[in-house]
Structure formats: structure tokens, C-alpha cells
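Trainee: Got a structure here, written out as C-alpha cells. Questions coming.
Number of protein chains: 2
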Amino acid sequence: MNKQCACKSIPEDELKRIKDELPDSDTIESLGEFFKVFGDPTRLKLLYFLSQYELCVADLARLSEMEQSAVSHQLKILRLHRLTKQRRDGTMIYYSLNDNHVREVFDVALEHIEEIG
Amino acid sequence: MNKQCACKSIPEDELKRIKDELPDSDTIESLGEFFKVFGDPTRLKLLYFLSQYELCVADLARLSEMEQSAVSHQLKILRLHRLTKQRRDGTMIYYSLNDNHVREVFDVALEHIEEIG
DNA sequence: TTAGTATATGAACATATATTCATATACATG
DNA sequence: CATGTATATGAATATATGTTCATATACTAA
Numbered sequence: 485m486n487k488q489c490a491c492k493s494i495p496e497d498e499l500k501r502i503k504d505e506l507p508d509s510d511t512i513e514s515l516g517e518f519f520k521v522f523g524d525p526t527r528l529k530l531l532y533f534l535s536q537y538e539l540c541v542a543d544l545a546r547l548s549e550m551e552q553s554a555v556s557h558q559l560k561i562l563r564l565h566r567l568t569k570q571r572r573d574g575t576m577i578y579y580s581l582n583d584n585h586v587r588e589v590f591d592v593a594l595e596h597i598e599e600i601g
Numbered sequence: 485m486n487k488q489c490a491c492k493s494i495p496e497d498e499l500k501r502i503k504d505e506l507p508d509s510d511t512i513e514s515l516g517e518f519f520k521v522f523g524d525p526t527r528l529k530l531l532y533f534l535s536q537y538e539l540c541v542a543d544l545a546r547l548s549e550m551e552q553s554a555v556s557h558q559l560k561i562l563r564l565h566r567l568t569k570q571r572r573d574g575t576m577i578y579y580s581l582n583d584n585h586v587r588e589v590f591d592v593a594l595e596h597i598e599e600i601g
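Chain order of the listed sequences is Z and B.
Numbering of the first sequence is given in my numbering, commencing with residue 485 and proceeding in unit increments.
Numbering of the second sequence is given in my numbering, commencing with residue 485 and proceeding in unit increments.
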């Protein structure tokens, strides 16, 4: 009838020590936000294309086969997370990657996919 | 009044070529799934603890300050994505990481967080 | 200024997802 | 076998998130 589990495979004071090693909750939140950006296939496609070329919104829409509005919404997310940068040329806005980590993250994840299936 | 954008900053046939370079949609989906797992702070905590120690469910619950049920639900997700392995010892089940990529992914992401803020 | 084009954005809607609660399962022990 | 403990899971709920539609903004050119 005891609600508290009593397994205590690790002593209470060591649990406290392990807990203290955890990065602070802001860092954890930021990490989560970062990965969430990569957690959507449409954003992954955009990131992939941008990892290869500097592209305007309309071309990104054609490449990803998404509506312009949907692309803009997703680009906003990438922008806010500083994963992309952009420059204006007349009425068009060209996006490109702002972060070399994107490719690294891709590569590690791909290794996982390939090994595990 | 033209709905189709006409910017065509990249010619149509090259667009096709770029499109073909995109990893197939199964790979994209898998990548998205992989990152989605990392996109939740509670799972990140669990993964972090498991990156340091082999731990039973009850200890993970205490460390992460989550209910046992919530931990089990999240562990199921980690298991299904083959990020963790487990062994039974009596009534307890010990979880540990199944994948050295987890730490690598963490590290690259942390670099990004630290640089970009 | 007016019309046209490329991009951005707010609101609405549909879907996905994390947590909780209750309960089931698996193992240990008397 | 019956009881207790550790973990797993289904259903319900609340929240988050992606897309669409309509429209706004920013720029260009006549």
C-alpha cells in the first residue's frame, strides 16, 4: 500500500548528487527547443535544401512542395532559433543556414538511423 | 493576379535536380522521429541521466521528479527508438543508453545553444 | 500614386503529444 | 496460492503544433 517506491537502488544522497549534475533547466529547455525544430519533416526538408543552397522562399516552396504560407511560417521558426539568416534582394528574400552545427547534427542522426534502422 | 510565384531564381530543371538530392521521404521521416524524441525536456532529462548511469525506473522517476507512470510512458518511446536498452533484475528493470550517438548529438546541440544563446 | 509581386502573419482548425489516473502484468516472498 | 512491489499500459484530458485561408506588409515599376 506504500505509494513511494522503495527500490532505492541508489542511495538518497548520491541521487541528490546525480541530480545536481543535470544541466540547469533553462539549458534543458533550450536543448528541447533546438531539437523540436528538427523534429518536423517539413522543416528538415527546408534545412536540408538550405544546407546546400541559398534559396528564396518561392523556390523553397517549390522544392518542398509546400504552400508559400506554410514555408514562411516554418522559416519564421528557423529564424527565431537562429538556424537561418536571410538577405533581401528586391522583393525576394534569400535564406541560408546560419549554423554549421546543422550539418553535424544531421550526420550524427543519419548514422543512428542507418545503424538502428 | 497570378497565384504561381514567378521568381524562378533557380531554373526549373536545376530545381528538379536539387529536389532529387533530397534523402528519400522514409529517411526524412525517420530523422524527424529521431529528433522528436529529443524535443521534449522530460525525455532529455531521462536521456541525460542514462548517459551517466544505468538506472531503474523508480530512480529515474525520483531524479526527474516525474511520476512513475509518466517515466514508463517516456521510456517506452526511448525503447521503441532503440535509444535505450534494459535488463531485468528481480522486479526492477534497469535502463541504460543503447547508442553512443546520444552523447554526440547532445554535444553538438549544446555547442549551438552556447554560441547562439 | 497605383498596380503587381514576394513574403509574412493572424486566426481557425485539425492533429499530435505529454500527463494523469486507474489498472494490468511480472516477479518475489511468505 | 496470496500478498506486495516494480513496471507497463489504456483511456481521458489538456496542451502544443502544423497547415490553410485571408490578408497585411514591403518592395518595384509604370
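Backbone N, C-alpha and C fix where the C-beta goes; we use that ideal spot for every residue, glycine too.
Scan the segment 557–585 of chain Z for residues whose Cβ lies nearer than 7 Å to a Cβ of chain B and list them as they occur along the chain.
Mentor: Of all residues in the segment 557–585 of chain Z, Arg566, Met576, Asp583, His585 have a Cβ within less than 7 Å of some Cβ in chain B.
Trainee: Whole angstroms are fine: how far does the CA of leucine 544 of chain Z sit from the CA of serine 580 of chain Z?
Mentor: Cα to Cα, the separation comes out at about 11 Å.
Trainee: Is it buried or exposed, lysine 560 of chain B, if we count other Cβ atoms within 10 angstroms and call 16 or more buried?
Mentor: Lysine 560 of chain B should be labelled exposed.
Trainee: Contact criterion: CB-CB distance below 8 Å. Does proline 495 of chain Z meet it with respect to chain B?
Mentor: For proline 495 of chain Z, the answer is no, since every Cβ of chain B falls outside 8 Å of its Cβ.
Trainee: Under a three-way DSSP split, which group does isoleucine 494 of chain B fall into?
Mentor: In this structure, isoleucine 494 of chain B counts as coil in the three-state DSSP scheme.
Trainee: For threonine 575 of chain B, is the classification buried or exposed, using 16 other Cβ atoms within 10 angstroms of its Cβ as the cut-off for buried?
Mentor: Classification of threonine 575 of chain B: exposed, given that the 10 Å Cβ count is below 16.
Trainee: For a contact defined as C-beta to C-beta under 7 Å, what are the partners of aspartate 508 of chain Z on chain B?
Mentor: Those do not exist, as aspartate 508 of chain Z stays about 12 Å from chain B at its closest Cβ, beyond 7 Å.
Trainee: Taking 8 Å as the threshold (beta carbon to beta carbon), is arginine 501 of chain B in contact with chain Z?
Mentor: Judged by the 8 Å Cβ criterion, arginine 501 of chain B is not in contact with chain Z.
Trainee: Are any of the Cβ atoms in chain Z nearer than 8 Å to that of isoleucine 597 of chain B?
Mentor: Yes, isoleucine 597 of chain B counts as interfacial toward chain Z.
Trainee: Going along chain Z, which residues have a C-beta under 7 Å from aspartate 504 of chain B?
Mentor: Those do not exist, as aspartate 504 of chain B stays about 10 Å from chain Z at its closest Cβ, beyond 7 Å.
Trainee: Let me see if you follow: with CB-CB separation under 8 Å, is glutamate 551 of chain B close to chain Z or not?
Mentor: False, the Cβ-Cβ gap to chain Z never drops below 8 Å.
Trainee: Is the distance from the Cβ of isoleucine 597 of chain Z to the Cβ of threonine 568 of chain B below 8 Å?
Mentor: Taking 8 Å as the Cβ cut-off, isoleucine 597 of chain Z and threonine 568 of chain B do not qualify as a contacting pair.
Trainee: Determine whether the Cβ of leucine 544 of chain B lies closer than 8 Å to any Cβ atom of chain Z.
Mentor: No - not a single Cβ of chain Z is within 8 Å of the one on leucine 544 of chain B.
Trainee: Please confirm whether isoleucine 494 of chain Z and valine 541 of chain Z have their CB atoms less than 8 Å apart.
Mentor: No.
Trainee: Evaluate contact between the segment 547–558 of chain B and the segment 547–554 of chain Z, counting only Cβ atoms and requiring at least three cross-stretch pairs below 8 Å.
Mentor: Judged by Cβ distances under 8 Å, the segment 547–558 of chain B makes no contact with the segment 547–554 of chain Z, as fewer than three pairs qualify.
Trainee: Measuring only the C-alpha atoms, how far is leucine 435 of chain B from leucine 562 of chain Z?
Mentor: An answer regarding residue 435 of chain B cannot be provided, because it is not within the stretch 485 to 601 covered by chain B.
Trainee: Measuring straight from C-alpha to C-alpha, what distance separates glutamine 570 of chain B and arginine 527 of chain B?
Mentor: Glutamine 570 of chain B and arginine 527 of chain B: Cα-Cα distance of roughly 16 Å.
Trainee: What's the gap between the Cα of isoleucine 502 of chain Z and the Cα of glycine 523 of chain B?
Mentor: Taking the straight line joining both Cα atoms gives about 22 Å.
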